[in-house]
Amino acid sequence: MAKQSLDLNQVTNQKMKMTPSEAIVETLVAEGIKEVYGIVGSAFMDMLDLFPTAGIRFLPVRHEQSAAHMADAYTRVSGTAGVIIGQNGPGITNMVTSVAAANQAHTPMVIISPSAGTPTIGLDGFQEADQVSIFQAITKETVRVTHKSRVADCLRTAFRIAYAERGPVLYDIPRDLFYGELEDQILQPYQYRVDSRGSGDPVLLDKAVDLLKNAKYPVIISGRGTVDSNGIERLKQIAEHLTIPAAVSYMHNDAFPAEHPLAVGPIGYMGSKAAMHTLQKADVVLAIGTRLSVFGTLPCYDIDYFPKNAKIIQVDINPRNIARTHPVEVGIIGDANAATKALYEKLVEEVPNTVENQARLKEVAEVKEEWEKELVDLAMKDGNPINPRRALLELTEVLPENTIISTDIGNVSSTANAYLKFNQTRRHIAALTFGNTGFAYPAALGAQLADPDAPVVAIIGDGAWGMSLHEVSTAVEQNIPVVACVFNNKSWAAEKKNQVDYYDDRYVGSDIEAPEFAEVAKSMGASGYTVEKAEEIGPVIKEALDSRKPAVVNIYVDGTQLAPPFRRDALQMPTRYLDKYKHLDYEVWGKE
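Here's what the structure looks like:
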């Protein structure tokens, strides 16, 4: 007869005899963990054997990199820290890229990292690696289990830091420490970590209110922290009380409802010109739940939009992010929701009777209308076979209101920033500033697991698809009905654009030959569609979503209609000094 999970109410204040594996699993149960992502390995098999009885679903991926992307998105949608695991050595090191992405995305996560057994540490044994050193720079903390009696204590520490500092924590446990026996108690999360952060220093909140009420043209920038803290409704109240236009930070398009009359859209690469022109005018910026990243505030469309002289009020839960990239007038360390609530209450007290600024509302409406027209006009230009902007426009017009959309990095995926609009939170799951390819599809799988009833669509370039298509078999095996929209221009298009603009159309390594992705999907048990006409996109996407089966839609788009380079700030026209390479010098282009 299978052992039953421990009655946590009974053991909160008493120790019980158990194995280390049982202590670990019961701590996961107390944390509300329902899924763990990874690939089966002998190192943690004793613990894995407990998962079904404990009510934890093990999600086997095809490559460990996918595990952390799935967990990352699961957390962004559900709010519960994701948990991943792999075989010691190569299994864990395969997760480096996706853990680094989650770290830069500020996503709470615990990496259960089995390591070499204690008798053989340092002897270069089979699959041995110094995993702690490898992960130190890409996690908030690395927690080592030094004795079997401390497995639960160390895991609690990992969760505490993951939530407190908003990022991944490595929980490193020598593989022999899953075995044996110990006496311990299983604590509830409230007994070892605190989620309430408060609204910030009242004196600074008063100073922020004073700035806002006296501003001539205040602008809000709302970011991930507002989403995570469920603070959007509070922020809307502030915007409406003082008629403040609201932008969203780079690739967090769900951080303020797009349909709101004061919403101006996203800043950052390939964002909204409406947001950029609005932000240019600001004399006071209220930045809520955003670190104002360097890349996310760079000029775009040749618009240097981030105001140089505006007084910035920055609210962030992590003191490391305050004034890290832009000098602030007021820095408030606090929960975005709690701080926004406090600001609103103080604003109502200080300025009880306000009238909508009709001139500002009209101005916002006009700049949005102008930008929307430009987006449609750009999309309706002919392409061969399909203008990628037209494909994005057709796709977004047919998606249900509650659709979760994950986006990869790359030319078309980044262009999507301008076309993606959300009126609900936790709907936009983007690769963000770590910028690794192969993110969107496994992320979409994780998002679907977090919200099983929502339609989920991944926007992916054909280059990134080559790094993630193996997970279609995971989707089929686990019955995860994500629709992958592969924008196929037969190239690494973001890099190709650099070769167009900076290297005289010399293409090295940027062209891709690939199989017919729809047929590959079918061979893996998914639905597969090939689209070469713009008017077919909407009906095909609708059919794929309605089927509630894993599907791949291979959309052929024009490889010459490319967005501007990502990093104009980091590129230069090529200069060559050696005679052997002189013909490649930019000064001789067109003179040969």
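If you're matching positions, the sequence shown starts at 179 in my numbering and goes up one per residue. Here a beta-carbon is modelled for each residue, glycine too, at the ideal position from N, C-alpha and C.
With fewer than 16 neighbouring CB atoms inside 10 Å of its own CB, Leu749 falls in the exposed class. Contact check for Leu553 against Tyr483 fails: the beta carbons are separated by 8 angstroms or more.
If you look at Tyr522, you'll find it isn't in any beta strand (DSSP E); it sits in the alpha helix (DSSP H) that goes 514-528. Arg726 sits exposed, since fewer than 16 C-beta atoms from the chains shown fall within 10 Å of its C-beta.
For the pair Glu713 and His284, the Cα-to-Cα distance works out to about 39 angstroms.
Less than 8 angstroms separates the beta-carbon of Gly639 from that of Ser591. With fewer than three CB-CB distances shorter than 8 angstroms, the stretch 370-389 does not count as touching the stretch 218-238.
Per DSSP, the beta-bridge partners of Asn666 are Tyr734.
Per the coordinates, the alpha-carbon of Leu647 lies some 25 angstroms from the alpha-carbon of Asn580. His325 is classed as exposed because its beta carbon has fewer than 16 other beta carbons within 10 Å across all chains shown.
For Ala245, same chain residues with a beta-carbon under 6 angstroms away, outside a window of 5 residues either side, are Tyr215, Gly216, Val239, Ile262 in chain order. Taking all protein chains shown into account, Met751 has fewer than 16 neighbouring C-beta atoms within 10 Å of its C-beta and is therefore exposed.
A check of alpha carbon separations from Lys318 across Val654, Asp331, Ala280 identifies Ala280 as the nearest.
When secondary structure is reduced to three states using DSSP, Tyr619 falls in the helix class. When DSSP states are grouped into helix, strand and coil, Thr285 belongs to the coil group.
Non-local C-beta neighbours of Ala543 in its own chain, meaning closer than 8 angstroms and more than five positions away in sequence, comprise Pro439, ordered along the chain.
Per DSSP, the unbroken beta strand (DSSP E) holding Gln492 starts and ends at 489-494. Beta-bridge partners assigned by DSSP to His606: Ile583. Only residues of its own chain outside the window of five on either side were considered, and among them Ala569, Glu572, Leu573, Val709, Ile733 have a CB closer than 7 angstroms to the CB of Ile715, listed in chain order. Note that the stretch 268-275 does not touch the stretch 294-303; fewer than 3 beta-carbon pairs, one per stretch, sit closer than 8 angstroms. Pairing His455 with Ile398, the inter-Cα distance amounts to about 13 angstroms. When secondary structure is reduced to three states using DSSP, Lys459 falls in the coil class, being assigned neither helix nor strand. Apart from sequence neighbours up to five positions away, the residues of its chain that approach Glu649 with a beta-carbon distance below 8 angstroms are Val239, Arg240, His241, Ser244, Tyr619, Pro620, Leu623, ordered along the chain. Residue environment analysis places Phe665 among the buried positions, since at least 16 neighbouring C-beta atoms fall within 10 angstroms of its C-beta. Going by beta carbons, Gly467 and Thr421 fall outside the 8 angstroms limit. Between the stretch 598-610 and the stretch 411-430 there are three or more C-beta pairs closer than 8 angstroms, enough to call the two in contact. Secondary-structure assignment with DSSP links Thr708 through a beta bridge to Asn732. Annotation for Arg338: the continuous alpha helix (DSSP H) segment containing it runs 329-343. Distance from Leu627 to Tyr341 at the Cβ level is roughly 20 angstroms; contact not present, criterion being Cβ atoms closer than 8 angstroms. Residue nearest to Gly613 within the set Lys599, Asp379, Arg334, Asp586 is Asp586 (criterion: CA-CA distance). Within the DSSP secondary-structure output, Asp362 pairs in a beta bridge with Met194.
Every unbroken stretch of the alpha helix (DSSP H) spanning 4 or more residues and falling wholly within the stretch 355-417 is given here in chain order: 380-392, 402-406. Here Ile262 carries a strand assignment [DSSP, helix/strand/coil]. DSSP places Pro230 in the uninterrupted alpha helix (DSSP H) bounded by 229-232.
Within the model, the alpha-carbon separation for Ser377 versus Tyr522 is close to 11 angstroms. By the C-beta criterion, the stretch 496-514 is judged not to be in contact with the stretch 363-372, since fewer than 3 inter-stretch pairs fall below 8 angstroms.
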